[in-house]
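Only one structure is covered here, and it is reproduced in the block below.
There are 2 protein chains.
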Amino acid sequence: MTLIEQITTVPLFRGVRREQCEALAAIAVEKTYAKSQNIFLEGADAAGFYVLRSGRVKIYKLSPEGKEQILHVIEPNDTFAEAAVFAGHRFPAHADAMEASKTLFFPRQAFLALIERHPSLALNMLADLSRRLQRFANLIESLSLKEVPGRLAAHLLYLSERQDDRDELVLDLSKVQLASLLGTIPETLSRVLAKMAREGLIEVQEGRKIRLLDRESLEELSTGERRLGTAT
Amino acid sequence: MTLIEQITTVPLFRGVRREQCEALAAIAVEKTYAKSQNIFLEGADAAGFYVLRSGRVKIYKLSPEGKEQILHVIEPNDTFAEAAVFAGHRFPAHADAMEASKTLFFPRQAFLALIERHPSLALNMLADLSRRLQRFANLIESLSLKEVPGRLAAHLLYLSERQDDRDELVLDLSKVQLASLLGTIPETLSRVLAKMAREGLIEVQEGRKIRLLDRESLEELSTGERRLGTAT
DNA sequence: CGTGCGCTTGACTTTTTTCAATAAAGGTGG
DNA sequence: CCACCTTTATTGAAAAAAGTCAAGCGCACG
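Going down the list, the sequences are from chains D and C.
Residues 1 to 232 in the numbering used here are what the first sequence spells out, letter by letter.
Residues 1 to 232 in the numbering used here are what the second sequence spells out, letter by letter.
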C-alpha cells in the first residue's frame, strides 16, 4: 500500500482533497515498533503526532511507585499525541506498543503549515480532539463517581455493544491491562469478576471469554443504582 | 464595552482580523446568569459554546447519589462547552454559575461557517482543546494514582504559583467545592488539612487563608514520594 | 524443561466514606 | 437589629472499599 493510499483511508483525513493528501504523504514518516516497545516518554519533546496503522498502542501515566493508569488504548486509524502538537509541545503521557505496530508520523511544523491552508483538516482535527475530551470526561466521572464494580460493568456493556455476539464477549486486554484501564489493580479486578460470577451477573469462561447473564443488573451497577453483594 | 471590544480581548480570538471580529460580534449573544443558576444540563442539546466574561462557572458531573465531581472551574475569558460544537452535539457535563456571571454565546452553525474560512481561529481553538485535554489527563492521573493528601498538596502548590504572596495563599473555592474538585468529600478534606497542619506542613488560618510552611514536604507528597503520618 | 508471567485467592492494612452530632457563619425577613 | 434557618465546617466512631503482601497454580515461551 502506498503512502497516499494509506493516508486516504485515515478518517482524520476524510474530505481532504487529493493534492493535500499528496502534501501529507510528503511529510509523513512511517515508523514501526515491536511489541512492548516504548514510543515516547511523558515529558519528551513532541516533534509531531502519530496515526496508528496497525497493532495497538497504550497511552498511560505512571505513578512513582510504578502503578499505571491507561488513558486510552489506540486502535488502528486513530491518532495519538495530537494535543502535543497544538499545546505544550511535550508529550503529556507515555506511549507503548502493545503489539507490533506501524504508525505514520507527521512532523509538527509541516503539519501546522498544511492545516492552516486546509480548513477541513482543521475541522476534522477539532472533532477528533473533542471526542477525546468527552471520553476523558467520562473516564474522570467513572474514576471519581463509581466504584470498581460499576466501572467494570460499564466496560463490559461497552464491549458487548462493539462486538457482534450479543451476550458473549471477548476481553480485548489482559486482566492486568484491563485493571490499569479501570483505575485499579489485578487483584481487585479478579475479586470483582469472581463476585459478579457468584451473583449470577456474568459467567467467566476459559480464556478471555465472558458471557453476560444479567444485563439489567449490570446496567444498574454501571449507573450506580445497585451494589454488589446486595439483594435487589 | 461594545461586543466588538469584548471579543477582541478574548484570547481565543487573538490574531483574528478586524472584519472577522465583526462577523463574530454579529453571531454572539450575551447571556447573564445569577449565582447558582444552571447554565446547561448534561445531555442537553448543545446549540453552541460559551466564553465567560465575568464571574465563575463550574463544569461538573453528578453521580446518581448526588456526589459531584468538578471537571473544571471556568475563569473569565475561558471558553466552555466547545467540545460539544465539534463532536456529539450534546453537553457532556453540567454547568452552573458559581457567582453572578456574564457570557458570550456563539451558535454552532454560524461559528462553524466562520472557522472554516479563518484558519487562525481554528488553530486557536485547537490549542484551546489541546490544553484542556492535557489538564484532563492530569486530573485522571491525580484521581487514579495519588491519594487525597497528594492531590491536595498538588493543588496548594498550584495555587501558590498563581498567587503573588509566596507562601500565603487564599483558597479560591469553598471546602465543599474544593473537595469536589479533588474527587473527595468535605469530611475527608477537613481531616487531611488538619493532619497537614498537625505535621507542620501548613498553617490553616482563619477564613480561607493557608500558609505553606514546608514546601519541600508538600512537593514530595504531591509526587507520591512521601505519605502523611510517616516520618521522613 | 524450567523460568516467568498472568492470574487467582487469602489474610491483613490502609484509605476513604458514611453516619451522626455539633458548632460556627451568613443571609433573610420580621 | 435580632432571631431564625440554611449552609459550611469539623470531629468521632464505625463500616466499606480497595490496596498490599504473600503464596500458589498453570500456561507459554525461550
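The beta-carbon is built from N, C-alpha and C at its ideal position, and this holds for glycine as well.
- In terms of Cβ geometry, P149/D and V176/D do not form a close pair [threshold 9 Å].
- The C-beta of N77/D comes no closer than 9 Å to any C-beta of chain C.
- When Cβ pairs closer than 8 Å are counted between the two stretches, the stretch 61–75 of chain D is seen not to touch the stretch 12–28 of chain D, the count staying below three.
- In this structure, L201/D places its C-beta atom within 9 Å of the C-beta atom of L212/D.
- About 7 Å separates the beta carbons of D167/C and S160/C, which is inside the 8 Å limit, making them a contact pair.
- In terms of beta-carbon proximity, I27/C stays away from the interface with chain D, with every pair separated by 9 Å or more.
- For E199/D, same chain residues with a beta-carbon under 7 Å away, outside a window of 5 residues either side, are L228 in chain order.
- T2/C places its beta carbon 9 Å or farther from that of F49/C.
- With a threshold of 9 Å between beta carbons, K146/C makes contact with chain D.
- With a 10 Å radius around the Cβ and a threshold of 16 neighbouring Cβ atoms, D96/C comes out buried.
- For a Cβ distance threshold of 7 Å, residue set I140, E141, S144 and L145 of chain C lies close to Q69/D, ordered along the chain.
- Chain-ordered, the chain D residues with CB closer than 7 Å to the CB of R132/C read L133.
- Nearest in C-alpha terms to L152/D, of all of E219/D, C21/D and P76/D, is E219/D.
- At least one beta carbon of chain D lies nearer than 9 Å to the beta carbon of M125/C.
- Inside the stretch 92–161 of chain C, DSSP marks whole beta strand (DSSP E) runs of 3 or more residues at positions 94–97 and 101–107, from first to last along the chain.
- In the three-state DSSP reduction, E168/D falls in the strand class (E or B).
- With contacts defined as CB atoms closer than 9 Å, R90/C and A46/C qualify as a contacting pair.
- If you look at S174/C, you'll find it isn't in any beta strand (DSSP E); DSSP assigns it neither H nor E.
- Taken through DSSP and simplified to helix, strand or coil, L218/D comes out as helix.
- At least one C-beta of chain C is nearer than 9 Å to the C-beta of L112/D.
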